Amino acid sequence: MFRTMLKSKIHRATVTGADLNYIGSLTLDPVLMEQADLLPGEQVHIVDVNNGSRLETYVIEGERGSGVVCINGAAARLVAPGDIVIIIAYASVTDDEARALKPRVVFVDGENKAVSVGDDPSV
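Going by UniProt numbering, the residue at position 3 of the sequence shown is 3; the numbering climbs one at a time, nothing skipped.
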């Protein structure tokens, strides 16, 4: 049996852009990707705190150190620049792996710079 578990979370990031005409995806600062253990092409769920929208897409790298969090493609109709979002990635793991899994939880400031990185998803 496999369980779907929280693997990565970027908590309360500020959306810096929305590009309706881009092919799709979520452009993220590679520094944030590394801190959250996200790879290019990895599936993520985005929860918009401002309007309650939930969507899924995949991650692509933006400019390093820029703090970019840009929603691309059709999702740009659901999320606007300035919105606060939670970016979540899950992993399918065995029961034993699930019991040992420590998710990567990144809290960011208003400029999308990490203020803390931990493994407690309840905070």
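Virtual Cβ for every residue (Gly too), placed ideally from N, Cα, C. Given the structure is predicted, the values throughout are model-derived calculations rather than measurements.
Looking at the DSSP output, residue 71 shares a beta bridge with 18, 26. Looking only at 72, 68, 58, the smallest Cα-Cα distance to residue 45 is reached by 58. Cβ-Cβ separation between residue 26 and residue 71: approximately 6 Å, consistent with a contact (criterion under 8 Å).
For residue 80, no alpha helix (DSSP H) segment is defined, and its DSSP state is neither H nor E. For residue 97, the enclosing alpha helix (DSSP H) has its first and last residue at 95-100.
Taking 8 Å as the cut-off, the beta carbon of residue 82 is found no closer than this to the beta carbon of residue 4. Here the alpha carbons of residue 2 and residue 92 stand approximately 6 Å from one another.
Rounded to whole angstroms, the Cβ separation of residue 63 and residue 40 is 14 Å, and the two are not in contact under 8 Å. Closest in C-alpha terms to residue 104, from the list 94, 74, 122, 110, comes 122. Inclusion of residue 7 and residue 86 in the CB contact set at 8 Å is not warranted, their separation being larger than that value. In terms of Cβ geometry, residue 43 and residue 34 do not form a close pair [threshold 8 Å].
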